[in-house]
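J.:
Residue numbers (UniProt numbering): 1 to 315.
1. To test your reading of the DSSP string, which unbroken alpha helix (DSSP H) runs of 4 or more residues are found completely within the stretch 59 to 144?
2. My assumption, with CB atoms under 8 Å, is that residue 180 sits in contact with residue 47. Please give the rounded CB distance.
3. Pick helix, strand or coil for residue 248, following the three-state DSSP scheme.
4. Please confirm if the stretch 122 to 133 is in contact with the stretch 184 to 197, defined as three or more CB-CB distances below 8 Å between the two stretches.
5. Cβ of residue 89 within 7 Å of Cβ of residue 65?
6. Measure how close the beta-carbons of residue 199 and residue 166 come, nearest whole angstrom, since I'm counting them as under 8 Å.
7. On the three-state DSSP scale, how would you describe residue 285?
8. Where does residue 52 fall in DSSP's three states?
9. Note down, in chain order, each residue of its chain lying with its Cβ closer than 7 Å to the Cβ of residue 221, except the 5 sequence neighbours on either side.
10. Below 6 Å CB to CB, which residues in the same chain sit around residue 81 once its five sequence neighbours on both sides are set aside?
11. Which residue's Cα is closest to the Cα of residue 263: 270, 271, 276, 248?
12. On the DSSP letters alone, give me the boundaries of the alpha helix (DSSP H) that residue 39 sits inside.
13. Can the beta-carbon of residue 63 be found less than 7 Å from the beta-carbon of residue 85?
14. Could you check the C-alpha separation between residue 37 and residue 279 for me, to the nearest Å?
15. Roughly how many angstroms lie between the CA atoms of residue 211 and residue 229, to the nearest whole one?
16. I'd like the span of the alpha helix (DSSP H) that includes residue 167, first residue to last.
17. Report buried or exposed for residue 254, applying the criterion of at least 16 other Cβ atoms within 10 angstroms of its Cβ.
18. Please confirm whether residue 295 and residue 268 have their CB atoms less than 7 Å apart.
19. Report the residue from 83, 49, 71 whose alpha carbon sits nearest the alpha carbon of residue 60.
20. Excluding five sequence neighbours on each side, which residues of the same chain lie with their C-beta closer than 7 Å to the C-beta of residue 137?
21. Where does residue 45 sit, in a helix, a strand or coil, going by DSSP?
22. Can you check which of these residues, 194, 182, 276, is closest to residue 265 by C-alpha distance?
23. If you reduce the DSSP assignment to three classes, tell me which class residue 198 lands in.
24. Indicate the three-state DSSP secondary structure (helix, strand or coil) for residue 239 in the structure shown.
25. Mapping DSSP to helix, strand and coil, what is residue 275?
26. For residue 147, count neighbouring C-beta atoms within 10 Å of its own C-beta (all shown protein chains included) and say buried if the count is 16 or more, exposed if not.
27. Using alpha carbons as the reference points, say which of 135, 154, 159, 153 lies closest to residue 143.
28. Name the DSSP bridge partner or partners of residue 189?
29. Exposed or buried, what is residue 106 when buried is set at 16 or more other beta-carbons lying within 10 Å of its beta-carbon?
30. Does DSSP classify residue 34 as helix, strand or coil?
31. Can you name the residues that DSSP bridges to residue 233?
32. According to DSSP, simplified to helix, strand and coil, what is residue 57?
33. How would you write the range of the beta strand (DSSP E) that residue 215 sits in, first residue to last?
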């Protein structure tokens, strides 16, 4: 009698599993139009020096975050804990979660929430990714990285990773077919309900800020009238534009963050496809193909006024 053996594939690490899951969802098409993810950050310097305790627990396998009430009697309630389920959960404390999963880094966060957007964009679908939370909760770190001016390395956030993959995928797509893709960047700020174009060329000596208007068109949808869009061909071009835009953003020191942005910033990436086809007579015909846009949003801090000491025009 003969024997038959089945080879067992090597175990897959957590990062590879997340990447494969993201690719699977992209390939089959996601049924949900909105997904919500939560990231638990480690204690900051102020919290560590105050010897605070964590009131959060996370079950990464069930995508559940549990909040514990440390003083139920003082609050006249019998509720000891409350659990919330999300589409994705990321544990970034310096200890394992209740399932024993290790803290996730920037790459794992991008694989889950950023990578699928790139493939969707080349399929002609619009998308929006925004970070919401109070000042100091890690919004800018997640979106941009530890050093917003560097935008690279292992500490890079979702935005630079997404842009890098976008240009790599464009190179692959263009090599496979008869189409070219143009990429344009727009960068605006919303502050005190007014919209500014962070990439607009400002006149020398201008003392007053110039604002732009948000319009809605039956075919174009919502757009910023007169917004300046810059064509880019590599990650370094996007980095330079982000740095230029960040230099004129409204920032202010708060009690919770020495340099907190008091405005919403929206980075828009627009993809335009141009298809070429050769006729029987040898003539090259060029036609417009797919169009898509990705809005990457870094919202201003959302917190209690008394805790952050945000007052007046800053709020």
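C-beta: ideal position from N, C-alpha, C; glycine also.
Quick caveat, the model's predicted, so the values are computed rather than measured.
T.: Judging by the given coordinates:
1. 106 to 113, 115 to 122, 139 to 143
2. As a working mapping, residue 180 is identified with position 180 in the chain shown. As a working mapping, residue 47 is identified with position 47 in the chain shown. Incorrect: roughly 50 Å between the Cβ atoms, too far for contact.
3. Looking up residue 248 in the chain shown gives position 248. Here residue 248 sits in coil by DSSP.
4. no
5. Mapped onto the chain shown, residue 89 falls at position 89. Mapped onto the chain shown, residue 65 falls at position 65. For residue 89 and residue 65, yes; Cβs fall inside 7 Å.
6. To locate residue 199, count along the chain shown from 1; it is residue 199. To locate residue 166, count along the chain shown from 1; it is residue 166. With 8 Å as the limit, residue 199 and residue 166 do not qualify as a contact, their Cβ atoms being about 18 Å apart.
7. The sequence position of residue 285 within the chain shown is 285, counting from 1. Looking at residue 285 - three-state DSSP - the assignment turns out to be strand.
8. Your numbering for residue 52 matches position 52 in the chain shown. In the structure shown, residue 52 sits in coil (DSSP, three-state: anything other than H, G, I, E or B).
9. Here residue 221 corresponds to residue number 221 of the chain shown, with the count starting at 1. Correct list: empty, nothing qualifies.
10. On the chain shown, position 81 is the one that residue 81 refers to. Correct list, in chain order: 66, 68.
11. For the purposes of this step, residue 263 is taken as the residue at position 263 of the chain shown. Out of 270, 271, 276, 248, 248 has the C-alpha closest to the C-alpha of residue 263.
12. Translated into the one-based positions of the chain shown, residue 39 becomes position 39. Here residue 39 belongs to no alpha helix (DSSP H); instead the beta strand (DSSP E) covers 37 to 40.
13. The residue given as residue 63 occupies position 63 in the chain shown. The residue given as residue 85 occupies position 85 in the chain shown. Result yes, Cβ atoms of residue 63 and residue 85 sit closer than 7 Å.
14. For the purposes of this step, residue 37 is taken as the residue at position 37 of the chain shown. For the purposes of this step, residue 279 is taken as the residue at position 279 of the chain shown. Looking at the two C-alpha atoms, the distance is approximately 49 Å.
15. Within the chain shown, residue 211 is the residue found at index 211, counting from 1. Within the chain shown, residue 229 is the residue found at index 229, counting from 1. Each residue's alpha carbon lies about 16 Å from the other.
16. Position 167 of the chain shown, counted from the first residue, corresponds to residue 167. Element bounds for residue 167: 158 to 176.
17. Numbered from 1 along the chain shown, position 254 holds the residue referred to as residue 254. Note that residue 254 scores a pLDDT of 40, beneath 50, so its modelled location is shaky and nothing firm can be said.
18. Here the question's residue 295 lines up with position 295 in the chain shown. Here the question's residue 268 lines up with position 268 in the chain shown. It is a contact, given that the beta carbons lie within the stated cut-off.
19. As a working mapping, residue 60 is identified with position 60 in the chain shown. It is 83.
20. One-based indexing of the chain shown puts residue 137 at position 137. Same-chain partners within the cutoff: 41.
21. In the chain shown, residue 45 corresponds to position 45, counting from 1. Three-state DSSP puts residue 45 in a helix.
22. Along the chain shown, one-based indexing puts residue 265 at 265. The shortest Cα separation from residue 265 among 194, 182, 276 belongs to 194.
23. Numbered from its first residue, the chain shown carries residue 198 at position 198. If DSSP states are grouped into helix, strand and coil, residue 198 belongs with coil.
24. The residue given as residue 239 occupies position 239 in the chain shown. Looking at residue 239 - three-state DSSP - the assignment turns out to be helix.
25. Within the chain shown, the letter at position 275 stands for residue 275. Strand at residue 275.
26. Here residue 147 corresponds to residue number 147 of the chain shown, with the count starting at 1. By the 10 Å Cβ count, residue 147 comes out exposed.
27. For this step, residue 143 is matched to residue 143 along the chain shown. Answer by Cα proximity: 159.
28. The count along the chain shown starts at 1 and reaches residue 189 at position 189. 196, 265, per the DSSP bridge assignment.
29. Position 106 of the chain shown, counted from the first residue, corresponds to residue 106. Classification for residue 106: buried.
30. Your numbering for residue 34 matches position 34 in the chain shown. Coil at residue 34, not helix or strand.
31. Start at 1 with the first residue of the chain shown, and residue 233 comes out as number 233. BP columns for residue 233 are empty, so no partner.
32. Sequence index remark: in the chain shown, residue 57 carries index 57 (1-based). The answer is strand: DSSP assigns residue 57 an E or B state.
33. The residue given as residue 215 occupies position 215 in the chain shown. From DSSP, the beta strand (DSSP E) with residue 215 extends over 214 to 217.
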